[in-house]
Each structure stands twice: as structure tokens, then as C-alpha cells.
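J.:
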Amino acid sequence: MEAPKTRRELLDKLRMTSVAKKDWDEFYEIYWRLVYKVATNSGLPHADAQDVVQKTFIKVAQNIGRFKYDSKKGKFRNWLCLIAKQQAASHFRKIPIAPMVPGQPRVSSETEIRRMPDSASDWESVWDEEERSHLLHTALERIKPRIKPQQFKIFLAHCVKGMSVKEVQDLVGVSANQVYLAKNRVMPLFEEAVKAVSRFGAEGPEV
3 MEAPKTRREL
13 LDKLRMTSVA
23 KKDWDEFYEI
33 YWRLVYKVAT
43 NSGLPHADAQ
53 DVVQKTFIKV
63 AQNIGRFKYD
73 SKKGKFRNWL
83 CLIAKQQAAS
93 HFRKIPIAPM
103 VPGQPRVSSE
113 TEIRRMPDSA
123 SDWESVWDEE
133 ERSHLLHTAL
143 ERIKPRIKPQ
153 QFKIFLAHCV
163 KGMSVKEVQD
173 LVGVSANQVY
183 LAKNRVMPLF
193 EEAVKAVSRF
203 GAEGPEV
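First residue of the sequence shown: 3, per our numbering; consecutive thereafter.
This is the structure in C-alpha cells:
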């Protein structure tokens, strides 16, 4: 079966009674970082945030058949963030209240929950950050098998992390010419991968 061309098409497929595992895997890969960010922004540590991610996607699987896209009511990711916030809130309520420490205010679970984003614009800022991270990560993973390990390390350090040529020379043990050659070799592949990944999210209505 042909893979969905846009996120809207992917969501439509997930609402069907019979869904291929690869479609759920693709959906998870797109959105798990956003859910994780919602959980960690609420104050949950890594392990608890991972638990919230799993519970959120279980809830989505149980309810996505009833989800209907309506641009007037907001994007799918806002609905997803709302579920994530509910799961984080539920997780907080199960955490025992720590004893008071003299001189330090007690932060309740409700206080932490109120710190989480509420408006669509807040969710958008969280999403934009994770979208950029996902785009970069996915593009790099696509080109990595096509590039020599040393050239990939050089490109990652110089073009992604912003290290200077001299810093890369010291880190990798190469000449300045090798840094420039790696950049010229890898950059076109990276830009091509970014366009391909962006195209998947750019076609059709925003979700």
C-alpha cells in the first residue's frame, strides 16, 4: 500500500478501522516529540514524560476515529496537545506530595499543570520548535547512510552545530580543506532531504 503523501492523508488513514502498523509508526515519529515536550514543560522528568507519551498515543488510538478535522475549531495538533496535557495532569495527581522543606514554597501538582501552555498560540510555539527539530533530525538520518562517517561528523559539527573551521579541525583532526570539501559534498544532499521532509508536512491543510 502506498504511503500517505501528506499528514492530512495520514490522519484520514488512521481513522479507518484497519490501519497498517507502518502508518501508526509514521504518525508516532511525527508527533511524539511534541507530546514529550508538553510533558516535560509541565515539570515531569524524563521517565514520567515517556509514560505520558505512551498513554497519550493510546488515548489517540482510542479516539481518533471520532476526530473530525475542522479548521475553524483548530488544528489536529492542538487536540493532541490537549490530550497530552490531560495525561500529564493525571500523572501529577498520582504523585505523592513531598514533605515541606523549611524556607521553600511547596509546588503542588495543580501549580505545575497551570504552567503548561493553554492557548493555541502557545501550542504553536511548542510545535514550531519541535517541527524544526524533527525536520533537522529526519533529514540528517536520511543522508547519513550516503555519506562517509568522517564527512558526516564534519558537516554536523560545522554546518549544524555552528563550530568554526578551526574548531572542527581540532575536533576531527582534519585540514581546513577537508572541512570545506565535506561541506560542499554534504550540503546539497542535506538541502534535498530537507525539501523532501518539508513537502510531506506542507501539502494540504495544516494538521
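Think of the CB as a built atom: it goes at the ideal place given N, C-alpha and C, for glycine as much as any other residue.
Below 8 Å on the Cβ atoms is my contact criterion, and I expect V62 with L84 to pass it. Report the Cβ-Cβ distance as a whole number of Å.
T.: Looking up residue 62 in the sequence shown gives position 60. Looking up residue 84 in the sequence shown gives position 82. Their Cβ separation, rounded to whole angstroms, is 11 Å, which puts V62 and L84 out of contact at 8 Å.
J.: With V199 and A141 assumed to form a contact (beta carbons below 8 Å), what rounded beta-carbon distance in angstroms separates them?
T.: Working through the sequence shown from its first residue, we reach residue 199 at position 197. Working through the sequence shown from its first residue, we reach residue 141 at position 139. With a Cβ gap of about 5 Å, V199 and A141 count as contacting.
J.: So is R95 buried or exposed if we call it buried at 16+ other beta carbons inside 10 Å?
T.: Numbered from 1 along the sequence shown, position 93 holds the residue referred to as residue 95. Exposed, by the Cβ-count rule.
J.: Measure the CB-CB distance between K146 and F154 and report whether it falls below 7 Å.
T.: Along the sequence shown, read from residue 1 onward, the residue named residue 146 stands at position 144. Along the sequence shown, read from residue 1 onward, the residue named residue 154 stands at position 152. Taking 7 Å as the Cβ cut-off, K146 and F154 qualify as a contacting pair.
J.: Could you compute how far the alpha carbon of F157 sits from the alpha carbon of R148?
T.: Here residue 157 is taken as the residue at index 155 of the sequence shown, counted from 1. Here residue 148 is taken as the residue at index 146 of the sequence shown, counted from 1. The alpha-carbon atoms of F157 and R148 are separated by roughly 13 Å.
J.: Please give the ranges of any alpha helix (DSSP H) in the segment 41-95, keeping only runs that are unbroken, at least 4 residues long and fully inside the region.
T.: Correct list: 48-65 and 78-95.
J.: Identify the continuous alpha helix (DSSP H) that holds D14 and give its terminal residues.
T.: The residue you call residue 14 lines up with position 12 of the sequence shown. First-last of the alpha helix (DSSP H) with D14: R9 to L16.
J.: Under the three-state reduction of DSSP, which class applies to K197: helix, strand or coil?
T.: Looking up residue 197 in the sequence shown gives position 195. Reduced to three states, the DSSP call for K197 is helix.
J.: Can you find a CB in chain D that lies within less than 7 Å of the CB of Q88?
T.: Absence of chain D from the displayed structure is noted, only one protein chain being present.
J.: Measuring alpha carbon to alpha carbon, tell me which residue in H136, K185 and I66 is nearest R35.
T.: Within the sequence shown, the letter at position 33 stands for residue 35. Checking every option, the nearest Cα to that of R35 belongs to H136.
J.: Going along the chain, which residues of its own chain have a beta-carbon closer than 7 Å to the beta-carbon of V21, five neighbours each way excluded?
T.: Here residue 21 refers to the residue found at position 19 of the sequence shown. Here the set comprises K15.
J.: Less than 7 Å between the beta carbons of A90 and A41, yes or no?
T.: Translated into positions along the sequence shown, residue 90 becomes position 88. Translated into positions along the sequence shown, residue 41 becomes position 39. Yes, the pair counts as a contact, with Cβ atoms nearer than the cut-off.
J.: Between which two residues does the alpha helix (DSSP H) containing Q153 stretch?
T.: Working through the sequence shown from its first residue, we reach residue 153 at position 151. Q153 -> alpha helix (DSSP H) spans P151 to F157.
J.: Just verifying my parser: in three-state terms, what is the DSSP assignment at A178?
T.: In the sequence shown, counting from the first residue as 1, residue 178 sits at position 176. Helix, per DSSP.
J.: Please return the same chain residues whose Cβ sits closer than 6 Å to the Cβ of V37, not counting the five positions on each side in sequence.
T.: Along the sequence shown, read from residue 1 onward, the residue named residue 37 stands at position 35. Once the five neighbours on either side are set aside, the close Cβ partners of V37 are V55, T58 and A86.
J.: Rounding to the nearest angstrom, what Cα-Cα distance links R79 and S92 in this structure?
T.: For the purposes of this step, residue 79 is taken as residue 77 along the sequence shown, with counting starting at 1. For the purposes of this step, residue 92 is taken as residue 90 along the sequence shown, with counting starting at 1. Taking the straight line joining both Cα atoms gives about 20 Å.
J.: Near Y30, what residues of its chain come up, given a Cβ to Cβ distance below 7 Å and the 5 sequence neighbours on each side ignored?
T.: Numbered from its first residue, the sequence shown carries residue 30 at position 28. F59.
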